[in-house]
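J.: I have a structure I would like to understand better, so I am pasting it below and will then ask my questions one at a time.
Chains as they are written, first to last, in my numbering: chain A, 8 to 224; chain B, 4 to 256; chain C, 61 to 116; chain D, 13 to 234.
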């Protein structure tokens with residue numbers, strides 16, 4: 008199986024701080040990896056480096072076959088990133104936002120509707136300004152925005168945060184579906200019990216490096 | 004300038020010590036020539052002595068801004084091929100802009116005082132003064148952008164783009180202000196005609212330009228090295244942080 | 061203001077501006093150098109005149 | 013590229029349509045500026061009529077700067093620049109799209125300010141074509157320069173103060189040209205209106221070229 012993420016001794020600096028300090032990790036296609044670690048361990052930064060948003064200053068990093076030292080842009084179109092922020096235009100209606108996101112990733116407007124339905128955002132909410140949604144509903148719209156791009160590599164930062172029980176199960180189901188259809192999923196989460204159910208591998212980061220790795224299940 | 008002192012000498016090297024001495028002597032000589040030896044102008048009287056500072060300062064300010072733009076362009080488009088990631092160009096752009104702003108300030112001060120004597124007012128909407136004041140503020144903005152805390156590469160790129168924007172704007176500002184002032188009020192312009200400078204005055208002016216250029220180069224070289232030191236300090240702090248992250252790992256693992 | 065005073069003011073102000081800037085640059089270099097723990101040599105012979113700025 | 017730019021512009025106009033910041037906040041403020049100018053000139057009809065062209069552009073600058081601020085706050089408040097970096101939309105398209113969005117909003121602002129100047133300052137329009145052409149050129153130049161400077165200040169804590177500091181010197185020639193061109197169009201000055209109008213188109217073209225080439229540098233982290 009080819010590796011989707013292949014990091015060797017990666018150092019990355021953001022804002023004058025070494026967010027990754029020599030990270031070695033390899034993630035294979037179809038894996039569901041849960042990232043753990045205390046605050047500031049480098050979980051978010053790892054996801055952003057994978058997405059090509061933070062440049063690497065040392066080591067070798069390969070994502071989806073692209074060498075991040077040469078080209079941080081090309082892999083992005085195959086990657087879906089759900090950050091801490093939801094990346095939502097809060098003034099827009101849910102449907103308008105989704106239409107824009109779909110068009111921006113080259114998907115059809117119909118895909119946007121399907122993605123919203125999949126996340127359980129009902130038609131009733133489509134003509135409501137995102138501003139008026141609850142935190143959980145916003146998170147669902149954010150996940151739907153990501154789903155619409157049909158990424159090969161899913162990078163999610165605390166995706167379960169703000170979601171209710173039903174939402175979490177829904178998300179787990181979506182992630183399992185994605186992995187079984189050949190996508191790779193990496194998500195950061197503190198919640199050990201919950202994630203046990205879907206993660207095929209648990210990786211712990213500490214101080215910008217790999218500290219524990221449960222290995223491929 | 005490319006060879007940064009091997010951190011033993013802080014910002015001075017033998018070469019720049021010599022340059023500094025030369026600059027000091029040149030300035031003393033410039034003062035003597037400009038203020039004592041050269042004669043007063045027939046039309047302008049003593050006021051002509053202001054030009055020995057004013058004109059070289061304009062030249063330095065413009066020259067420094069051109070250097071900033073040139074280095075910024077190299078930083079943006081040529082840094083891939085350099086092992087330092089173009090930092091050299093970035094440092095040069097930053098130090099030149101700062102020195103340029105200082106001399107643009109000198110240009111404005113001397114220009115206004117010259118105007119006080121020649122026109123009777125500190126400020127005329129003279130094309131050159133107006134252009135200079137706009138450039139002065141433009142590059143103050145550029146320096147403000149450089150001072151913001153940010154990743155050095157991000158900050159360097161932002162500043163470099165701003166330098167390019169400012170640079171393409173220089174001729175636009177120049178021509179528009181020039182047009183503006185020549186399209187009407189022709190009279191006020193001819194009142195303030197700069198004198199025909201010949202003979203001793205000419206040589207004094209030429210010499211002053213040389214002296215001020217030496218001073219400016221000394222300043223740019225030293226500012227460049229201070230920026231280099233700042234970067235060294237940041238790099239050292241970063242290495243310490245990386246080391247502490249590695250220890251953090253050992254202790255807890 | 062007479063012409064002579066004006067000229068003197070102009071030269072004086074310019075001198076002060078450039079000298080202040082030059083001293084600031086040198087001072088900043090020394091401060092950071094000391095933070096970095098380099099340039100101990102400089103502290104042994106602080107009167108290195110030529111590293112002092114020249115001004116106009 | 014054009015399709016993507018239109019997509020971005022349409023999104024920005026939708027955001028405006030839903031939030032009504034231009035119409036609701038910026039336009040009334042800009043009108044108020046026109047009133048305040050009358051205080052400054054002691055409501056001297058002659059002075060106001062003569063200065064109307066310049067005052068108009070100063071009001072546009074004031075309102076437009078707020079618009080540009082807003083156009084980038086929309087992008088940074090929920091990390092939307094990250095979404096742009098991850099999307100298929102290239103930096104040149106984003107630059108053109110944002111500029112187009114700002115342009116259309118500034119045109120709206122001017123549709124309110126224009127009649128305001130005519131009515132409040134008792135201006136008589138001599139040359140409609142020159143007026144419209146210079147308004148078009150000035151607004152284009154304003155939009156592209158504004159977006160270029162706007163992205164540089166975007167997301168920074170000091171953005172509210174930094175943006176005008178960067179923008180106003182860059183726009184100084186536009187203000188100069190716009191004022192002179194309008195004065196000719198208002199018939200208070202008999203010279204070179206068209207020269208000034210064309211200068212603004214040149215400025216717009218030059219900065220568009222810079223923006224298309226350089227916007228990518230401003231979007232990436234490192």
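For each residue, glycine too, the CB sits at the ideal point set by N, CA and C.
Since the model is a prediction, treat every value here as computed from it, not as a measurement.
Between the stretch 128-146 of chain A and the stretch 164-172 of chain A, do three or more beta carbon pairs fall short of 8 Å?
T.: In short, these stretches touch, since the Cβ pair count reaches three.
J.: Please classify residue 194 of chain A: is it buried, with 16 or more other beta-carbons within 10 angstroms of its beta-carbon, or exposed?
T.: Buried.
J.: Which of the three DSSP states is assigned to residue 114 of chain A in this structure?
T.: In this structure, residue 114 of chain A counts as coil in the three-state DSSP scheme.
J.: I need the DSSP call for residue 191 of chain A, collapsed to helix, strand or coil.
T.: Reduced to three states, the DSSP call for residue 191 of chain A is strand.
J.: Beta-carbon separation of residue 208 of chain A and residue 222 of chain A under 8 Å?
T.: Yes; because the gap between Cβ atoms is below 8 Å, this pair is in contact.
J.: Please list, in chain order, the residues of the stretch 84-97 of chain A that have any C-beta partner in chain D closer than 9 Å.
T.: The residues in question are 84, 86, 87, 88, 90, 91, 92, 93, 94, 95, 96, 97.
J.: Could you give the first and the last residue of the continuous alpha helix (DSSP H) run that contains residue 28 of chain B?
T.: Counting along the chain, the alpha helix (DSSP H) containing residue 28 of chain B begins and ends at 17-34.
J.: Alpha carbon to alpha carbon, how far is residue 144 of chain B from residue 274 of chain B? Give it in angstroms, no decimals.
T.: No answer is possible for residue 274 of chain B: the residues shown for chain B start at 4 and end at 256.
J.: Helix, strand or coil, according to DSSP, for residue 41 of chain A in the structure here?
T.: In this structure, residue 41 of chain A counts as strand in the three-state DSSP scheme.
J.: Using 8 Å as the threshold, is the C-beta distance between residue 189 of chain D and residue 179 of chain B below it?
T.: Yes. Within cutoff.
J.: Looking only at C-alpha atoms, which of B:15, B:22, B:17 sits nearest to residue 218 of chain B?
T.: Out of B:15, B:22, B:17, B:22 has the C-alpha closest to the C-alpha of residue 218 of chain B.
J.: So residue 134 of chain D is in the beta strand (DSSP E); what residue range does that whole segment cover?
T.: That residue, residue 134 of chain D, is in no beta strand (DSSP E); it is neither H nor E in DSSP.
J.: Would residue 98 of chain D count as contacting chain B if we go by Cβ distances under 8 Å?
T.: Answer no: the Cβ-Cβ gap between residue 98 of chain D and chain B never drops below 8 Å.
J.: Give the straight-line distance between the Cα atoms of residue 33 of chain B and residue 40 of chain B, rounded to the nearest whole angstrom.
T.: Taking the straight line joining both Cα atoms gives about 10 Å.
J.: Below 8 Å on the Cβ atoms is my contact criterion, and I expect residue 44 of chain A with residue 211 of chain A to pass it. Report the Cβ-Cβ distance as a whole number of Å.
T.: Right, the Cβ-Cβ distance comes to about 5 Å (below 8 Å), so this counts as a contact.
J.: Taking contact to mean 3 or more Cβ pairs, one atom from each stretch, closer than 8 Å, check whether the stretch 80-93 of chain D and the stretch 152-163 of chain D are in contact.
T.: Yes, the stretch 80-93 of chain D touches the stretch 152-163 of chain D.
J.: For residue 225 of chain B, which residues in chain C fall below 7 Å Cβ to Cβ?
T.: In chain order: 85, 86, 89.
J.: Measure the CB-CB distance between residue 67 of chain A and residue 15 of chain A and report whether it falls below 8 Å.
T.: Contact flag set, yes.
J.: Residues of the stretch 91-110 of chain B in Cβ contact with chain A at a cutoff of 9 Å, in chain order, please.
T.: Against chain A - using a Cβ distance shorter than 9 Å - the stretch 91-110 of chain B contributes no residues.
J.: Does residue 96 of chain C come out as helix, strand or coil in the three-state DSSP assignment?
T.: Residue 96 of chain C: coil per DSSP, three-state reduction.
J.: Buried or exposed: residue 184 of chain A, going by 16 or more other Cβ atoms within 10 Å of its Cβ?
T.: That one is exposed.
J.: Could you tell me the boundaries of the alpha helix (DSSP H) in which residue 126 of chain B lies?
T.: From DSSP, residue 126 of chain B is part of no alpha helix (DSSP H); its letter is neither H nor E.
J.: Examine the Cβ distances between the stretch 97-109 of chain B and the stretch 69-85 of chain C and report whether three or more of them are shorter than 8 Å.
T.: Yes: the two stretches touch, three or more of their Cβ pairs being nearer than 8 Å.
J.: Output the residue ranges of the alpha helix (DSSP H) runs that lie fully inside the stretch 42-89 of chain A and measure 4 residues or longer, sorted by chain position.
T.: Runs found: 50-57.
J.: Using only the alpha-carbon positions, how far apart do residue 158 of chain A and residue 90 of chain B sit?
T.: When rounded, the distance between both Cα atoms is 36 Å.
J.: Helix or strand or just coil, what does DSSP make of residue 35 of chain A?
T.: Three-state result, residue 35 of chain A: strand.
J.: Whether or not the stretch 45-65 of chain B and the stretch 200-216 of chain B are in contact is what I'm after, with contact meaning three or more pairs of Cβ atoms, one per stretch, closer than 8 Å; do they touch?
T.: These segments touch.
J.: Would you please state the rounded distance, in angstroms, between the beta carbons of residue 102 of chain B and residue 231 of chain B? I believe it to be under 8 Å.
T.: Going by Cβ atoms, the distance from residue 102 of chain B to residue 231 of chain B rounds to 16 Å, so no, they are not a contact pair.
J.: Residue 130 of chain A: buried (16+ other C-beta within 10 angstroms of its C-beta) or exposed?
T.: Per the 10 Å Cβ criterion, exposed.
J.: Quick one: residues in its chain with C-beta nearer than 6 Å to the C-beta of residue 10 of chain B, no 5 flanking neighbours on either side, listed in chain order?
T.: Bear in mind that a pLDDT of 46 at residue 10 of chain B, under 50, signals an unreliable position, so the number given afterwards is only what the model happens to contain. Here the set comprises nothing.
J.: Considering residue 16 of chain A, what are the terminal residues of the beta strand (DSSP E) in which it resides?
T.: Segment 10-21, the beta strand (DSSP E) holding residue 16 of chain A.
J.: For residue 56 of chain D, count neighbouring Cβ atoms within 10 angstroms of its own Cβ and tell me buried if that reaches 16, exposed if not.
T.: That one is exposed.
J.: With a CB to CB cut of under 7 Å and the five nearest residues on each side skipped, what residues in its chain are close to residue 55 of chain A?
T.: Same-chain partners within the cutoff: 61.
J.: Output, in chain order, the set of chain B residues within a Cβ distance shorter than 8 Å of residue 18 of chain A.
T.: Within 8 Å Cβ-Cβ: 245.
J.: Taking the C-alpha atoms as reference points, what is the distance between residue 241 of chain B and residue 180 of chain A?
T.: Cα to Cα, the separation comes out at about 42 Å.
J.: According to DSSP, is residue 19 of chain D part of a helix, a strand, or is it coil?
T.: In the structure shown, residue 19 of chain D sits in a helix (DSSP, three-state: H, G or I).
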